[in-house]
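Engineer: Sending over a structure as structure tokens; questions will come in a sec.
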Amino acid sequence: MNDFLINLEFFKYSIACLVLMALVCSFLSVYIVLKRIVFVSVAVTQISAAGIAIAFIAGLNPTLISLLFTFLGVAIFSIRFTERRLSNESRIGIAFVVSSAAAILLVSKSARGIHEIDDLLYGNILAATPFQIYLMIGIIACIFIVHFLFYKEFTAVTLDFEMARTSGIKARFWELMLYLTIGAAISIGMRTSGNLLITTFLIIPAANGLLIANRMKNVFIIAMTVGIISALTGFYLSYYFDLPTSPCIVATLFLILCLTLPFRFFYRKS
Amino acid sequence: MIKFSNVQLGYGGRPVLNALNFEIQKGDFFGIVGPNGAGKTTLLKAILGLLKPVKGEISFLNIKRGHKKRIGYVPQHASVDEIFPIKVLDMVLMGRYAKMGILKRPKKRDYTIAEEMLKNVGMEGMAEQNYRELSGGQKQRTLIARAMVGEPDTLILDEPVEGMDIQGEIAIMELIKNLHTEFTLTVILVSHDLNIMANYVKTLSIIHNNTLKLGPVDSILNEETMAKVYGAEVKIINISGQKVIISKIK
Chain G
1 MNDFLINLEF
11 FKYSIACLVL
21 MALVCSFLSV
31 YIVLKRIVFV
41 SVAVTQISAA
51 GIAIAFIAGL
61 NPTLISLLFT
71 FLGVAIFSIR
81 FTERRLSNES
91 RIGIAFVVSS
101 AAAILLVSKS
111 ARGIHEIDDL
121 LYGNILAATP
131 FQIYLMIGII
141 ACIFIVHFLF
151 YKEFTAVTLD
161 FEMARTSGIK
171 ARFWELMLYL
181 TIGAAISIGM
191 RTSGNLLITT
201 FLIIPAANGL
211 LIANRMKNVF
221 IIAMTVGIIS
231 ALTGFYLSYY
241 FDLPTSPCIV
251 ATLFLILCLT
261 LPFRFFYRKS
Chain X
1001 MIKFSNVQLG
1011 YGGRPVLNAL
1021 NFEIQKGDFF
1031 GIVGPNGAGK
1041 TTLLKAILGL
1051 LKPVKGEISF
1061 LNIKRGHKKR
1071 IGYVPQHASV
1081 DEIFPIKVLD
1091 MVLMGRYAKM
1101 GILKRPKKRD
1111 YTIAEEMLKN
1121 VGMEGMAEQN
1131 YRELSGGQKQ
1141 RTLIARAMVG
1151 EPDTLILDEP
1161 VEGMDIQGEI
1171 AIMELIKNLH
1181 TEFTLTVILV
1191 SHDLNIMANY
1201 VKTLSIIHNN
1211 TLKLGPVDSI
1221 LNEETMAKVY
1231 GAEVKIINIS
1241 GQKVIISKIK
């Protein structure tokens, strides 16, 4: 522990980046799980990775290109097709596998090859720079402000899209806005946190919240708390045992989820 | 009044309903029935504005200039996701979100209207309960209250008594009937339950051969039409002024 505290100065940007990603993704995970769009978030994360791969090849800004790809992806997923022969799941699945393959093919010819694929999957948290942190703070603040101001609209389109539409809420617009905030959160953390960690942050914290709480506000609080605690614990464990950071955080999140299940069981019994 | 003028409805170029020319009068209690897959939900979606007609026009008459159509929609209670952690009062308040406008939070008046409506639908004292812990009948009442707090002039219900026992069915239908009278509502109801339709609606429409046949219940609900539409022999009997439809077993 002493050793870790001595090196804290060196890790400060990495820790800040993890905490910020845990905070925003855990918050958004509540909408993702409630709206049952887990696979949309998985596919969008992969599309974002493909965007970064293209940026590698073309020598462009990875965050900007990833953001563009992600927005394009969420815009397509937010369209409700009336074609009945192909389900939405199939479209999402196709987008996921095609963007995964595209990302691998694109970086396989790069000089760094396998290391870049590793970076896409697991991120490179030590690569976090002060500029990235400030950019993240700015974008995350915007996401939270939008969600605070339009909480009514986001919850209505999440709970009952058709009711929202018939009651006069511009449901398609607010659904697109919700997807765009999810896309923005994915893009800003992709280079540092990686595909695996972002996908996990977008699913497991909400599962914890929903298992314990009966009110939206409490679900958000539990999800964000679990996300941040897991990020910090996982980071420390990865340092202590000299293991990759993302899988350590995922394992911590899963462990907390496993501990939540018996709590839920006793809570229900009481 | 809702007017269908030569409307064709369908998905992806495939027509489901053709040549729809009819009017739903203000204050009517309008029922839509038909066999499975006939297009009941398609018609409902078109009235709700969720599905654009392939051809023709659906117009809402008698709406003042600059005003929006005031529709209260009650989906099947099973379609509202139970994983959502929300209390009954908040679920009902959601029906006023559009009225409040963006950037506005529910005010005291909104809470009063929601609580009053919960009383009207027989859910007094249940405002703080979790929606997901309610029975099917209570969920239906909550969704009716949610639709009503938007102060609609037309209430549209999709299979409101689906999955309920006889007592529950009657309680919900009596509630809808009372709201229809008390708030001078136009009620549009989709149900596959012919007994419910026979005894509650004023105008009945039956979907058959991709189009709609409608009229007063007594003129539409007869053994000949039922045999044509459902391909089954039915007997309609009257018990103390109440119509009962029984299908004959071959």
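Residue numbers (the numbering used here), protein chains in the order written: chain G, 1 to 270; chain X, 1001 to 1250. All C-beta atoms, glycine included, are put in the ideal place defined by N, C-alpha and C. Owing to the predicted nature of the structure, the values given are computational and were not obtained by experimental measurement.
#1: Determine the DSSP secondary structure at G/F266, reduced to helix, strand or coil.
#2: Interface residues of chain X around G/M163 at Cβ under 7 Å?
#3: With X/R1014 as the anchor, note down where its beta strand (DSSP E) starts and where it stops.
#4: According to DSSP, is X/L1212 part of a helix, a strand, or is it coil?
#5: Give the interface partners of G/R215 over in chain X, defined as CB-CB distance under 8 Å, in chain order.
#6: With a cut-off of 8 Å, do at least 3 Cβ pairs link the region 23-42 of chain G to the region 193-209 of chain G?
#7: From this set, X/F1183, X/S1240, X/V1190, X/N1209, which residue's C-alpha is nearest X/K1228's C-alpha?
#8: Is DSSP giving X/L1189 helix, strand or coil here?
#9: Report the rounded CA-to-CA distance for G/T225 versus G/F265, giving the unit in angstroms.
#10: Excluding the five sequence neighbours on either side, which residues of its own chain have a C-beta within less than 8 Å of the C-beta of X/D1111, listed in chain order?
#11: Roughly how many whole angstroms lie between the Cα atoms of X/E1124 and X/E1115?
#12: Buried or exposed: where does G/T129 fall if 16 or more other Cβ atoms within 10 Å of its Cβ makes it buried?
#13: In the DSSP assignment, the alpha helix (DSSP H) including G/S14 goes from what residue to what residue?
#14: Does any CB atom of chain X fall closer than 8 Å to the CB of G/L178?
#15: Can you find a CB in chain X that lies within less than 8 Å of the CB of G/L149?
#16: Touching or not, the region 60-72 of chain G and the region 174-191 of chain G, by the rule of three or more beta carbon pairs under 8 Å?
#17: In chain order, what are the residue ranges of uninterrupted alpha helix (DSSP H) at least 4 long that sit wholly in the region 33-95 of chain G?
#18: Which class does X/G1056 belong to by DSSP, given the choice of helix, strand or coil?
#19: Cβ of X/F1084 within 8 Å of Cβ of X/S1205?
#20: Relative to the C-alpha of G/V219, which residue among G/G227, G/I228, G/A206, G/I229 is closest?
#21: Can you give the beta carbon distance from X/K1055 to X/V1007, rounded, assuming they're within the 8 Å contact cut?
#22: Measuring alpha carbon to alpha carbon, tell me which residue in X/N1238, X/A1147, X/K1177, X/P1035 is nearest X/Q1076.
#23: Go through the region 1101-1150 of chain X residue by residue and report every complete run of the alpha helix (DSSP H) that reaches 4 residues or more, in order.
#24: Could you tell me which uninterrupted alpha helix (DSSP H) segments, each at least 4 residues in length, are contained entirely in the region 107-160 of chain G, listed from first to last along the chain?
#25: Pull up the DSSP beta-bridge partners for X/D1158, would you.
#26: Give the residues from the region 123-155 of chain G that approach chain X closer than 8 Å (Cβ to any Cβ), ordered along the chain.
#27: Write down every uninterrupted run of the beta strand (DSSP E) in the region 165-240 of chain G whose length is 3 residues or greater and which is fully enclosed by it, in chain order.
#28: Pull up the distance between the alpha-carbon of G/L20 and that of G/I137, whole angstroms please.
#29: Does any residue of chain X have a CB that is nearer than 8 Å to the CB of G/G168?
#30: Confirm, please, whether the CB-CB distance from G/G194 to G/D242 is below 8 Å.
#31: Nearest by alpha-carbon distance to X/H1067: which of X/A1198, X/P1152, X/I1196, X/E1174 is it?
#32: Mind checking which residues open and close the alpha helix (DSSP H) that includes X/L1048?
#33: Does the beta carbon of G/D242 come closer than 8 Å to any beta carbon on chain X?
#34: Closer than 8 Å, CB to CB, is G/L237 near chain X or not?
#35: In the DSSP assignment, what are the bridge partners of X/E1073?
#36: Check the Cβ of X/D1110 against every Cβ in chain G and list those closer than 7 Å, keeping chain order.
Structural biologist: In short:
#1: helix
#2: Y1073, P1075
#3: For X/R1014, the enclosing beta strand (DSSP E) covers residues 1014-1024.
#4: strand
#5: P1085, I1086, K1087
#6: Result yes; three or more Cβ-Cβ pairs closer than 8 Å.
#7: X/N1209
#8: strand
#9: 21 Å
#10: Reading the sequence as shown, one finds Tyr at residue 1111 of chain X and not Asp. Within the same chain, X/Y1111 has close Cβ partners L1089, L1093.
#11: 8 Å
#12: exposed
#13: 8-34
#14: no
#15: Using a Cβ-Cβ cut-off of 8 Å, G/L149 counts as an interface residue toward chain X, since at least one Cβ of chain X sits closer than that to its own.
#16: Taking 8 Å as the limit for Cβ pairs, the verdict is that the region 174-191 of chain G does touch the region 60-72 of chain G.
#17: 38-58, 62-77
#18: Residue state for X/G1056 is assigned as strand, using DSSP reduced to three classes.
#19: no
#20: If we check each option's Cα against that of G/V219, G/A206 comes out closest.
#21: 7 Å
#22: The shortest Cα separation from X/Q1076 among X/N1238, X/A1147, X/K1177, X/P1035 belongs to X/A1147.
#23: Listed in chain order, they are 1108-1120, 1136-1148.
#24: 114-122, 130-149, 151-159
#25: According to DSSP, X/D1158 bridges with X/V1190.
#26: Residues of the region 123-155 of chain G whose Cβ lies closer than 8 Å to any Cβ of chain X, in chain order: L149, F150, K152, E153, T155.
#27: For the region 165-240 of chain G, there is no continuous beta strand (DSSP E) assignment of 3+ residues that stays within its boundaries.
#28: 7 Å
#29: yes
#30: Against a cut-off of 8 Å, the Cβ pair of G/G194 and G/D242 comes out as no contact.
#31: Residue X/P1152 is the option with its Cα nearest to X/H1067.
#32: 1040-1048
#33: Not a single C-beta of chain X is nearer than 8 Å to the C-beta of G/D242.
#34: no
#35: Checking the sequence, you will find Tyr at residue 1073 of chain X rather than Glu. Partner residues in the beta bridge of X/Y1073, as assigned by DSSP, are X/I1156.
#36: Ordered by position in chain G, no residue passes the 7 Å Cβ test against X/D1110, which lies about 11 Å from the chain.
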